[in-house]
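Participant:
In this note's numbering, the protein residues as written are 50 to 600.
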């Protein structure tokens, strides 16, 4: 407390400015009092202003010293009446001195009390009430970890990987108690002299050891051993499944937010590790940063005309007519150049941008299809959907609105979904697909054979088309294994009146064998590469397709 009394409030610049103002105000007020007739009037009370400023910034010492300085400037040499040159009585200026000192001391004491309250509240706001640990997010961004001046520190993040599972099953209260008990157990087994602990959110703990990684291996082993195997909440033994991310920081990078971010990133990577432990990898982190930039640019480019649709035809193997086309998305980024779909589409799904992309595709493709119908082109159109799209209410609303918007031109639209997308929530997907079929869409399973669906699930699905993945098609003419897989798929689908499309047909030999095997449609470079809408209609005019009027 004594130390607090002598600790000024504010930064050095504030203190310098305040001291300067006090030094200016004291003689200025004394001069004003003298020029206005002396201390007999009320002007001497202006001296309370610099006294209050000194007390508020420099607390009790500042208030008392400023009060004494102000009192000396206003007496005993300051006349009571400067016009008649009447001196003050000793009692007069001594009482004023006492008043100024008391006022300065009182305001200084009040400032000290309020400052200590502020500091205490600030300290409490940084402490997690359940664990007593410092809340990492409440630390100033320029704060440093280290208690000493060692060159490096090792930072670990312990993350409760099954926290969300516990919350889903037992609720928020039990999950909070679960993490609290796990962290308190860990804290109790660690030496406070060797480790600094920080609470990071509900399910993660930051641990700092003031040694380089090569010197901290023993302490990391101690940390991992201290993580409890299970905790008991409401008589329920809950297993603790954890990941540990490890990073190091040198003197240049001691700023804790940068260092802890690395360890947090590593703890996410650790989920995929057999040991559940991972050390920060700068290359992986850079890839993540590049992906963020890529997704930001994708969002911007959606409205800048940098995305386009190309169309790849589908050939009927029964009559050698072009009966449909698949709409494929392309992105020519001003910054990144041509970005392959298999790179940006999975990222868009993870980043939650796939909905915006799908809405853009649906808008462009539906307009293209209307143009085809007006030009007398009756062929079908296939559109790819993400598994996430099936649970996106905005996407489902757009799909529900298309029949009304397109009117009589709404026909022959097929929605393609991958097996993996379907099994994310199979029951919900099945209900959604049935609704879409009821309003006129056909449903296709894309990349059949590469996902994780079972024959039991396939039996429950009512689909119109199955597309065999190109990995089984490209070597169909020469590989016995691929032939067996494709023949089995054709047999299964044939028994359910489901049409088969073979993707990735690149040679005539494969095309002929697919015809013999009983495949219904083929798609691939041997037939035609993907083309822009304009090029596709020009190409199609030279091909046979249903309903074409001969010249």
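Glycine included, every Cβ here is placed at the ideal spot set by N, Cα and C.
#1: Do residue 230 and residue 246 have their C-beta atoms within less than 8 Å of each other?
#2: Could you check whether the stretch 577–584 touches the stretch 360–376, counting it as contact only if at least three pairs of C-beta atoms, one from each stretch, sit closer than 8 Å?
#3: With a 10 Å radius around its C-beta and 16 neighbouring C-beta atoms as the bar for buried, classify residue 72 as buried or exposed.
#4: To the nearest angstrom, report how far apart residue 301 and residue 78 are at their CA atoms.
#5: Can you check DSSP and say which residues form a bridge with residue 581?
#6: Would you identify the three-state DSSP class for residue 193, choosing helix, strand or coil?
#7: Checking 8 Å against the spacing of the C-beta atoms, do residue 415 and residue 375 come in under that value?
#8: For residue 463, is the classification buried or exposed, using 16 other Cβ atoms within 10 angstroms of its Cβ as the cut-off for buried?
#9: Using three-state DSSP, classify residue 136 as helix, strand or coil.
#10: Which word fits residue 66, buried or exposed, when buried means at least 16 other C-beta atoms lie within 10 angstroms of its C-beta?
#11: Inspect the CB distances between the stretch 212–231 and the stretch 307–317 and report whether three or more fall short of 8 Å.
#12: What residues are listed by DSSP as bridge partners for residue 245?
#13: By DSSP's criteria, residue 291 is part of a beta bridge. Which residues make up the other side?
#14: Where does residue 218 land, buried or exposed, given buried means 16+ other C-beta within 10 angstroms?
#15: Run the proximity test for residue 513: is its beta-carbon closer than 7 Å to any non-hydrogen atom belonging to the ligand SAM?
#16: From which residue to which residue does the beta strand (DSSP E) around residue 572 run?
#17: Please confirm whether residue 275 and residue 239 have their CB atoms less than 8 Å apart.
#18: Please report the straight-line C-alpha distance between residue 110 and residue 100, rounded to a whole angstrom.
#19: What is the residue span of the beta strand (DSSP E) that residue 495 lies within?
#20: Looking only at DSSP bridge pairs, what is residue 551 linked to?
#21: On the criterion of 16 or more Cβ atoms from any shown chain inside 10 Å, does residue 453 qualify as buried, or is it exposed?
#22: Whether or not the stretch 536–553 and the stretch 581–592 are in contact is what I'm after, with contact meaning three or more pairs of Cβ atoms, one per stretch, closer than 8 Å; do they touch?
#23: Taking only three categories from DSSP, how would you classify residue 340?
#24: So, is residue 596 buried or exposed, given that buried needs 16 or more other C-beta atoms within 10 angstroms?
#25: Per DSSP, which one or two residues make a beta bridge with residue 383?
#26: Use the C-beta contact count for residue 197: other C-beta atoms within 10 angstroms, 16 or more gives buried, fewer gives exposed.
#27: Use the C-beta contact count for residue 383: other C-beta atoms within 10 angstroms, 16 or more gives buried, fewer gives exposed.
#28: What whole-angstrom Cβ distance do residue 573 and residue 555 have, given they're in contact under 8 Å?
#29: What's the gap between the Cα of residue 129 and the Cα of residue 140?
#30: Have a look at the DSSP bridge pairing and note the partners of residue 277.
Facilitator: Let me lay it out:
#1: No, they are not a contact pair.
#2: yes
#3: exposed
#4: The predicted position of residue 301 is uncertain, since its pLDDT is 48 and thus under 50; a value taken from the coordinates is nonetheless stated next. Going from the Cα of residue 301 to the Cα of residue 78 covers about 50 Å.
#5: 359
#6: With a pLDDT of only 49 at residue 193, under the threshold of 50, the placement of this residue in the model should not be trusted, and no figure is reported.
#7: no
#8: So residue 463 counts as buried.
#9: Of the three classes helix, strand and coil, the one that applies to residue 136 here is coil, per DSSP.
#10: exposed
#11: no
#12: 257
#13: 209
#14: exposed
#15: Absence of the ligand SAM is noted for the structure shown, with no ligands found whatsoever.
#16: Here the beta strand (DSSP E) through residue 572 covers 570–572.
#17: yes
#18: 11 Å
#19: For residue 495, the uninterrupted beta strand (DSSP E) run begins and ends at 491–497, by DSSP.
#20: 517, 571
#21: exposed
#22: no
#23: helix
#24: Answer is exposed; the Cβ neighbour count stays below 16.
#25: BP columns for residue 383 are empty, so no partner.
#26: At residue 197 the pLDDT is 46, less than 50, meaning the model places this residue with poor confidence and gives no usable figure here.
#27: exposed
#28: 5 Å
#29: 12 Å
#30: Its beta-bridge partners do not exist; DSSP assigns none.
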